[in-house]
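Participant: Residue numbers (full-length UniProt numbering), protein chains in the order written: chain A, 1 to 307; chain B, 1 to 262.
#1: Quick one: which residues of the region 71-95 of chain B get their C-beta closer than 8 Å to a C-beta of chain A? List them in chain order.
#2: Should residue 109 of chain B and residue 174 of chain A be called a contact, given that it needs their Cβ atoms to be closer than 8 Å?
#3: What does DSSP give as the partner residues of residue 206 of chain A in its beta bridges?
#4: In the structure shown, what three-state DSSP assignment does residue 75 of chain B receive?
#5: Hey, which unbroken runs of the alpha helix (DSSP H) at 4 residues or more fall wholly within the region 66-114 of chain B?
#6: CB-CB under 6 Å to residue 9 of chain A, same chain, minus the five flanking residues each way: which ones, in chain order?
#7: Identify every residue that forms a DSSP beta bridge with residue 5 of chain B.
#8: Which residue from B:194, B:143 and B:189 puts its Cα closest to that of residue 200 of chain B?
#9: Closer than 7 Å, Cβ to Cβ, to anything on chain A: give me those residues from the region 160-178 of chain B, in chain order.
#10: Quick check on residue 91 of chain B: buried or exposed, where buried means 16 or more other Cβ atoms within 10 Å of its Cβ?
#11: Using the rule of at least 16 other Cβ atoms within 10 Å of the residue's Cβ for burial, across every protein chain shown, is residue 201 of chain A buried or exposed?
#12: Looking at the secondary structure, which residues open and close the beta strand (DSSP E) in which residue 19 of chain B lies?
#13: Given a cut-off of 8 Å, decide if residue 1 of chain B and residue 37 of chain B are closer than it, judged by their beta-carbon atoms.
#14: Could you name the residues of chain A that residue 101 of chain B contacts, counting a contact when the two beta carbons are closer than 8 Å?
#15: Just checking, does the region 38-56 of chain A make contact with the region 209-217 of chain A on the three C-beta pairs under 8 Å criterion?
#16: Within 10 Å of its beta-carbon, does residue 151 of chain B have 16 or more other beta-carbons around it, so buried, or fewer, so exposed?
#17: Taking the alpha-carbon of residue 157 of chain B as reference, which of B:176, B:128 and B:97 has the nearest alpha-carbon?
#18: Residue 175 of chain A versus chain B: which residues are under 9 Å apart at the beta carbon?
#19: Looking only at DSSP bridge pairs, what is residue 204 of chain B linked to?
#20: For residue 209 of chain B, which residues from the same chain have a beta carbon less than 7 Å from its beta carbon, with the 5 sequence-adjacent residues on both sides left out?
#21: Residue 168 of chain A versus chain B: which residues are under 8 Å apart at the beta carbon?
#22: Going along chain A in order, which residues have a C-beta closer than 8 Å to the C-beta of residue 49 of chain B?
#23: Is it true that the region 106-115 of chain A meets the region 123-132 of chain A, where meeting means three or more beta-carbon pairs spaced less than 8 Å apart?
#24: On the three-pair Cβ rule with 8 Å, is the region 56-65 of chain B touching the region 130-140 of chain A?
#25: State the DSSP-derived secondary structure class of residue 265 of chain B, mapped to helix, strand or coil.
#26: Drop a sphere of 10 angstroms on the beta-carbon of residue 226 of chain A, count the other beta-carbons inside from all chains shown, and report buried for 16 or more, exposed for fewer.
#27: Strictly under 8 Å for the Cβ-Cβ distance: is residue 345 of chain A near chain B by that measure?
#28: Any residues in the region 223-250 of chain A with a beta carbon nearer than 7 Å to a beta carbon of chain B? Which ones, in chain order?
#29: What residue from B:50, B:70, B:9 and B:226 has the CA that sits closest to residue 3 of chain B's CA?
#30: Measuring alpha carbon to alpha carbon, tell me which residue in B:165, B:147 and B:192 is nearest residue 179 of chain B.
#31: Where are the beta strand (DSSP E) runs, 3 residues long or more, that stay fully inside the region 25-97 of chain A, in chain order?
#32: Cβ atoms of residue 226 of chain B and residue 168 of chain B: under 8 Å apart, would you say?
#33: What residue range is occupied by the uninterrupted alpha helix (DSSP H) comprising residue 153 of chain A?
#34: Quick check: what's the CA-CA separation for residue 99 of chain A versus residue 59 of chain A?
#35: Are residue 224 of chain A and residue 280 of chain A closer than 8 Å when you measure CB to CB?
#36: Spell out whether any CB of chain B is found under 8 Å from the CB atom of residue 195 of chain A.
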């Protein structure tokens, strides 16, 4: 079962990385996620069911997610409405679109077709199916992480980071903030959809309500990661997100397994996730205040010594 | 080089809050001019800068740079040939990134590609650039950790790195303590001389305005009421400035502090 937690956590971390790009790097609260994760799942599922090769299906799922992101960015950039509302608009529209993609059905089983989680155990038949699945997922995440890290070390990647901190800087450097938002939100939702595509294969079906509450869960994972260590290096930030996602899934697993002792059922998980985010925010701000207080005391001490 | 023809800016036109911030401004900036711009609060100095930089569109009139009409060009496009430093030290640099990342981005203007422009050669170049402000050994540190003065000095380096045609300094020392303001001012003069830049500086500090550059413009109520250069500018003193301001200004002020803050 421990493999299950890791696989779920790793799949989930792709989505959390997407959320990291919009919420943390671009500083833009993008709720498209709740819709685009289902879009990714739906696109991948319908293509795999219709006999398209799995990598091709996943590539298209990624592109579909990028398209969702571009839609949000377009609404935000050209109609000048806040990113939050733009994301909600796209997300709401995606409910209908996702149903269309699945042929007007709310879900599509992937039981009878080959998915990555059937291919990997076959390829590594010397291992148990769980371990094989874990290794496959892990390799995929490592490759993805390396590509992302490289991207964020490139000039374009750094520019994206700069925009989250300060939009005026980007303008001063002769770059259009709109274009950067297209790139950032597009990439973010592409990753989120890719995560959806993988999740559908892992759980064996695509579901249009897959994405409900995903943003908050992703944020919870990011915040859990931020407690592990402090850094400004992008490779460590992405690592932190992956670890945070695994911890989050582990917490949920233990909640499911032992929750009944304290009367918690899976129905309570959304509430608990929300509370987890709130608690994380409280702890983060308390920490911030504590470190400021510390700095203040040190400064006072220095002044005293100088005198 | 820069030509501002009949530029008028009206904020909130047609409402009760309508305000004429600039009225029929005409200004010709020559190659190599270093101009200080002074005036009381609300005289239109910052609006003039916003018009030149393209932050807001003009209500009427044209702006030309090197005889090219840039009136309708977007702010980020104008940034290709204009450098601007704001009063707020946090505006010119990205606080959540390292000094080296900030510098890497400012090497070229415009949309960036998937290149990795940072290497050992760049590292050496950055360390050299940062020597005057004693930050050579802090390339990896986040800009957010720097003091206001250090940050503004870094912004200055970043703005000059791309050798802008026109450098706009928008009260860039106003938020700093006197000591740091002096240091940043000295650096500004050094860079302008070294790179032979054309520059305009808004300031509330009359001493800086007198010491800085070869030309001085005074604004009041959306008009340019004084434009001196050469010998006349060299002979200016604070009392003369205040006297000139009193005689030229349309408004009656009760005290000297109301005119121009020192």
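Think of the CB as a built atom: it goes at the ideal place given N, C-alpha and C, for glycine as much as any other residue.
All of these numbers come straight from a predicted model, not from anything done at the bench.
Facilitator: With the structure as the only source:
#1: 74, 75, 76, 77, 79, 80, 83, 84, 86, 90, 91, 92, 93, 94 and 95
#2: yes
#3: A:108
#4: helix
#5: 75-78 and 99-106
#6: 245, 246 and 249
#7: B:62
#8: B:189
#9: none
#10: buried
#11: buried
#12: 19-29
#13: no
#14: 158, 161 and 162
#15: yes
#16: buried
#17: B:128
#18: 76, 79, 105, 109, 110, 111 and 112
#19: None, per the DSSP bridge assignment.
#20: 36, 38, 203 and 216
#21: 86, 91 and 92
#22: Those do not exist, as residue 49 of chain B stays about 13 Å from chain A at its closest Cβ, beyond 8 Å.
#23: no
#24: no
#25: Only positions 1 to 262 of chain B appear in the structure, and residue 265 of chain B is not among them; the question remains open.
#26: buried
#27: This structure gives no information on residue 345 of chain A, because the portion of chain A shown stretches from 1 to 307.
#28: 232
#29: B:70
#30: B:147
#31: none
#32: no
#33: 129-153
#34: 20 Å
#35: yes
#36: no
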